[in-house]
Every structure is written in C-alpha cells, then in structure tokens.
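**Student:** This is the structure I want to talk about, given as structure tokens.
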Amino acid sequence: MNIIKNFFIFALSVIVISLIIIIFDKIGMNKNFNLFFSSFLYSVFIVLYFKNIITTFLCFFAFYSMLFLLSSSLEVVLMLITSLSTLVLIEVLMPKLKKDVVISIYKTDTL
C-alpha cells in the first residue's frame, strides 16, 4: 500500500509541476525563470515528502529522464542540476536548523 501511495504522490507532483509550467508560460513569465522555479518547487516537495535520498534520486531521474525523452533539450539537464542542488542544500541546512536551541524568554519555574 505504501508503494501505491508513493507512486500516486510522485504522479501527482509531476502533474502539478507540469501545470505550473504551462500556467506560468501562459501568463508570460520568463521561460528560464519558469523552468528554474518549477524545478526548485518540485525538488523541495519531493525532498521534504520522501525524506530518503535514494527515493528522491529515483523520483528526480525518473521525471527528468521522461522529460528529456520528450523534449531532448539542454534545459532539462539544467532543471536536474537545479533539483540536485536544492537536494544538497536542504540536506545540509535542515539538520543545522533543527539543532538551533531556542531559549525561552519567560521563567516558569519561579512564582
């Protein structure tokens, strides 16, 4: 059941990213910024949902290989590089953000 759920989430994310690319193109947004923003958004969603590097790599390479077979352009490789750099950035920054100690302002021990 977990495999079916993960496949459904992957397919849904591919559909949403494709719709975002189409909508931003119809609005008239810059093509390069559109592709960069869409790949960034896709990678953030996939990395934060799956939380496993191997599964994330599989999703990235499955999506971008299908996209490369359809378009055969260099922009797909640049989108893959953007997604991989976002993966590295999230994997480096997220553990550091979780280690920050928050000191409470209020004293609750004394009356």
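Taking our numbering, the leading residue of the sequence shown gets 1, the next gets one more, and so forth.
All C-beta atoms in this analysis are idealised placements derived from N, C-alpha and C, irrespective of residue type, glycine included.
Is Ser39 helix, strand or coil by DSSP?
**Tutor:** Residue mapping note: residue 39 aligns to position 39 of the sequence shown, counting from 1. If DSSP states are grouped into helix, strand and coil, Ser39 belongs with the helices.
**Student:** Can you list, in chain order, the residues of its chain whose CB lies under 7 Å from that of Glu56, leaving out five sequence neighbours each side?
**Tutor:** Within the sequence shown, the letter at position 56 stands for residue 56. Correcting the residue type first, residue 56 is Thr in the shown sequence and not Glu. Ile46, Val47, Phe50 and Leu87.
**Student:** With Phe63 and Val14 assumed to form a contact (beta carbons below 8 Å), what rounded beta-carbon distance in angstroms separates them?
**Tutor:** For this step, residue 63 is matched to residue 63 along the sequence shown. For this step, residue 14 is matched to residue 14 along the sequence shown. Indeed, because the Cβ distance is near 6 Å, the residues count as touching under 8 Å.
**Student:** Helix, strand or coil, according to DSSP, for Lys26 in the structure here?
**Tutor:** Indexing the sequence shown from 1 puts residue 26 at position 26. Reduced to three states, the DSSP call for Lys26 is helix.
**Student:** Pull up the CB-CB distance for Phe40 and Thr82, whole angstroms please, since I reckon it's below 8 Å.
**Tutor:** The sequence position of residue 40 within the sequence shown is 40, counting from 1. The sequence position of residue 82 within the sequence shown is 82, counting from 1. That belief holds up - the Cβ atoms of Phe40 and Thr82 are roughly 6 Å apart, short of 8 Å.
**Student:** How big is the Cα-Cα spacing for Leu93 and Phe37?
**Tutor:** Locating residue 93 in the sequence shown gives position 93, where the first residue counts as 1. Locating residue 37 in the sequence shown gives position 37, where the first residue counts as 1. Spanning the two alpha carbons is a distance of roughly 19 Å.
**Student:** Out of Ile53, Ile20 and Phe7, point me to the one whose CA is closest to Ile90's CA.
**Tutor:** Numbered from its first residue, the sequence shown carries residue 90 at position 90. Among Ile53, Ile20 and Phe7, the Cα nearest to that of Ile90 belongs to Ile53.
**Student:** What would DSSP say about Ser65, mapped onto helix, strand or coil?
**Tutor:** For this step, residue 65 is matched to residue 65 along the sequence shown. It is helical.
**Student:** Please classify Lys31: does DSSP put it in a helix, a strand, or coil?
**Tutor:** Taking the first residue of the sequence shown as 1, we reach residue 31 at position 31. Residue state, collapsed to three classes: helix.
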